[in-house]
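Asks:
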Amino acid sequence: MQLHRPWVTPPSTTKAFRAYVAKLNGKTHVGYFVCSRDGDLVGVVNLNEIVRGRFRSAYLGYYAFVPHNGKGWLTAGLAAAISAAFRSLRLHRLEANIQP
């Protein structure tokens with residue numbers, strides 16, 4: 011995945027993918043797979059290091075896969091994930107992890 015190197019390295023083996031999914035099923039991480047209308051996997055959105063209690067915060071990370079970047083799919087998926095973070099997960103704050 012050259013689009014986001016060296017900042018993002020998606021899981022490249024079955025074992026690494028299983029570990030990634032297992033982490034997202036924990037209390038402090040939630041992840042979303044973003045798909046096109048055709049069902050192609052176009053990117054991911056992750057809510058990491060979720061803090062509950064009064065603070066209710068998480069770090070937001072996301073990335074698209076080539077050749078789907080620049081088509082708006084991740085923008086739509088990101089909007090849905092942010093909505094879920096504030097409505098379903100009832101978070102108060104998201105901090106975007108930005109890689110220049």
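Here the sequence shown is numbered in the working numbering, starting from 11 and rising by one per residue.
We put the beta carbon where it would ideally sit given N, CA and C, even for glycine.
Pull the bridge partners of L57 from the DSSP assignment, please.
Replies: V40 and L70
Asks: Please name the residue in A26, S46, G63 and L70 whose C-alpha comes closest to that of L104.
Replies: Of the residues A26, S46, G63 and L70, the one whose Cα lies closest to the Cα of L104 is L70.
Asks: Do A74 and A95 have their C-beta atoms within less than 8 Å of each other?
Replies: no
Asks: Could you say which of R97, I92 and L99 lies nearest to A106 if we only look at CA atoms?
Replies: That would be I92, whose Cα lies nearest to the Cα of A106.
Asks: Just tell me which of R97, L101 and E59 has its CA closest to the CA of G36.
Replies: E59
Asks: When we look at the beta-carbon of V44 and count the other beta-carbons within 10 Å, is it buried (16 or more) or exposed?
Replies: Buried.
Asks: Going by Cα to Cα distance, which pick from G41, A29, L101 and F27 is closest to R62?
Replies: L101
Asks: How is L51 classed by DSSP in three states: helix, strand or coil?
Replies: When DSSP states are grouped into helix, strand and coil, L51 belongs to the strand group.
Asks: By the three-class DSSP mapping on this structure, what secondary structure does P104 have?
Replies: A small correction: the amino acid at residue 104 is Leu; Pro does not occupy that position in the sequence shown. If DSSP states are grouped into helix, strand and coil, L104 belongs with the strands.
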